[in-house]
Structure formats: C-alpha cells, structure tokens
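**Q** In my numbering, the protein residues as written are 54 to 264. For glycine and all other residues, C-beta sits at the position ideal for the given N, C-alpha and C. The structure presented is a predicted model; accordingly, all values stated were derived computationally and were not measured. Got a structure for you, written out below as structure tokens; questions coming shortly.
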Amino acid sequence: MPHTLDLFADSTTVIGNAADNYLPCDGEVYYYGKILTASTAAQYLQCLLQQIAWQHDRAVIYGREHITARQVAWYGDQAFSYRYSGTEKVALAWITPLLELKQLVEQQCQSQFNACLLNLYANGSQGMAWHRDAETQLQAGAAIASLSLGAERKFSFKHRLSQQKVDLYLENGSLLLMAGATQQHWLHRLPPSQKISQPRLSLTFRCMRLD
Ligand SMILES: O=C(O)CCC(=O)C(=O)O
Ligand SMILES: [Mn+2]
C-alpha cells in the first residue's frame, strides 16, 4: 500500500496568500509562502524521495549529451510525451502522494494541472540554469505551479529584453505560481549555492496540450 498522508483530515495545511505580483511587468509571479506545515512538508519529502522513480536527466547542449547532477521524474494524467533540452520523457501514472499534493496546489491557486515534473537537488551544488518553460506541448499561457520541499533556495527571474532581475526565496513547503505572459518574457533559474548541504525537491505542476 502506498503511504498516504491525509492532508485534509488533520488540518496540516496553511492557507497561503498571494496578493502581490513579484514581476514589475510582462508576467505574473505569485508567491503563496508556506502552504504546508514543517512536519507535513518533511513527511512528504521523505515519502517522495522513496516513492518517486527518480532518474538523472539527459540534456543535449551544443550537440553534446550531458547527464545532469539533479534527478527528475515526469508524471501525468496520461502518458504525455515531453521534449525539452534535446531529451524526451513519457509520463508515468500518478501515485497517491502526488495526487494529494496536486489537489492541494489546485485548491490554493484555483487552477487545474494535468502533469508534474519533479526535480531533486541533492544539495546546493545542484541547480537549474536560465531557461523558460515554453515548449509547444504545454498549453500556451497556462500557469505553472511549483511546490518546494526541503532546503530553502533562491529563485531568480531575468527579463529577456531589459535583463532586469527579480530574486525570491522558496521556503520549505511553499508554493509559487508563474502565470500570464511570464514564460514569454522572463527566464528563470535556481542558482547553485555552496552554503546549502540539504536536499530540495520541487514539484512543478503543468498543463499539457491534449491534442
Ligand atoms: O526547482 C525549481 O524550483 C525550478 C524548476 C524549473 O524551473 C523547472 O522544472 O522547469
Ligand atoms: Mn522552469
């Protein structure tokens, strides 16, 4: 039996508040803060470390294949194929803890998602370079919600034209929503930090096109 944490029965969630748009123009980024208590976040972190089918990612950069230090996993409503950075993944079927977290995230940000890309960074030496999530297989303009578990990490945005930067910190158990024209106009990254020795896991809930 998969281990499940009954989120809604024991009031372990916190209602976030995402009043402010962190971006000054050309997109919308809402930070809800912590939507899970520390103990619920810790339980989900342990549960997902064990139950997710983690794999090192392959990326083709300037024609050469690299194996990324971080590990990833791809789940969805159906066997969605997702191609990015020269690699292709086929979505696995949801497992119970992921569906619980999806339900919570959907409730918080009043949006529906049909897939989730998970990233696991073993420590601060691992991160993600500047990029945007604008693949044609994603529903154009659909929001992406990112739930963070584990070590707090800096997250940065950079405007593609003006190069203006916006930084924020993603706390353990927190939710971030990227919406509107964000992916069109802004890049984002998870910068490395040698000071961080603990793991962090992100669940990025997405909307794949159905055609
Ligand atoms: O780990 C994060 O918070 C960022 C992940 C991300 O940008 C992505 O999966 O596209
Ligand atoms: Mn991204």
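Taking DSSP as the reference, what is the three-state secondary structure of R76?
**A** The identity of residue 76 in the sequence shown is Leu, whereas the question assumes Arg. Note: L76 maps to coil in three-state DSSP.
**Q** E205 and L223: beta carbons closer than 8 Å?
**A** In this structure, L223 lies closer than 8 Å to E205 by Cβ.
**Q** Using the C-alpha atoms, what's the distance from K248 back to C162?
**A** Their Cα atoms are separated by approximately 32 Å.
**Q** Where do the N-terminal and C-terminal ends of the alpha helix (DSSP H) with A91 fall, by residue?
**A** From DSSP, the alpha helix (DSSP H) with A91 extends over 91–104.
**Q** Under 8 Å Cβ to Cβ from R242, same chain only, skipping five residues before and after it: list those, please.
**A** The residues are G180, M181, A182, W183, H184, F208, S209, K211.
**Q** Check whether chain B comes within 8 Å of G226, counting only Cβ atoms and requiring the distance to be less than that.
**A** You won't find chain B in this structure, because it holds only one protein chain.
**Q** Taking the alpha carbon of S201 as the reference point, which residue from K142, I88, C78, G116 has its own alpha carbon closest?
**A** That would be I88, whose Cα lies nearest to the Cα of S201.
**Q** Taking DSSP's pairing of strands, which residues face I120 in a bridge?
**A** Bridge partners of I120: R111.
**Q** Does ligand 2 have even one heavy atom less than 7 Å from the beta-carbon of H241?
**A** Flag set: Cβ of H241 near ligand 2.
**Q** From G233 to A193, what does the alpha carbon distance come to, in whole angstroms?
**A** G233 and A193: Cα-Cα distance of roughly 10 Å.
**Q** Going by the beta-carbon positions, is the gap between G139 and A112 smaller than 8 Å?
**A** Yes.
**Q** What separation, rounded to the nearest whole angstrom, lies between the Cα atoms of L173 and Y85?
**A** The straight-line gap from Cα to Cα measures roughly 21 Å.
**Q** Can you tell me where the beta strand (DSSP E) holding K248 begins and where it ends?
**A** Neither: K248 is in no beta strand (DSSP E) and is coded neither H nor E.
**Q** Would you give the residue range spanned by the beta strand (DSSP E) that E153 belongs to?
**A** Here E153 belongs to no beta strand (DSSP E); instead the alpha helix (DSSP H) covers 149–162.
**Q** Beta strand (DSSP E) containing T189: first to last residue?
**A** From DSSP, T189 is part of no beta strand (DSSP E); its letter is neither H nor E.
**Q** Note down the Cα distance separating Y115 from S92, rounded to an integer number of angstroms.
**A** Distance between the alpha carbons of Y115 and S92 is about 43 Å.
**Q** Mind checking whether the beta-carbon of D186 lies closer than 7 Å to any heavy atom of ligand 2?
**A** It does: the Cβ of D186 is within 7 Å (strictly closer) of some heavy atom of ligand 2.
**Q** Output needed for P77: all residues of its chain with C-beta closer than 8 Å, excluding positions within five of it in sequence on either side, in chain order.
**A** Within the same chain, P77 has close Cβ partners Q217, V219.
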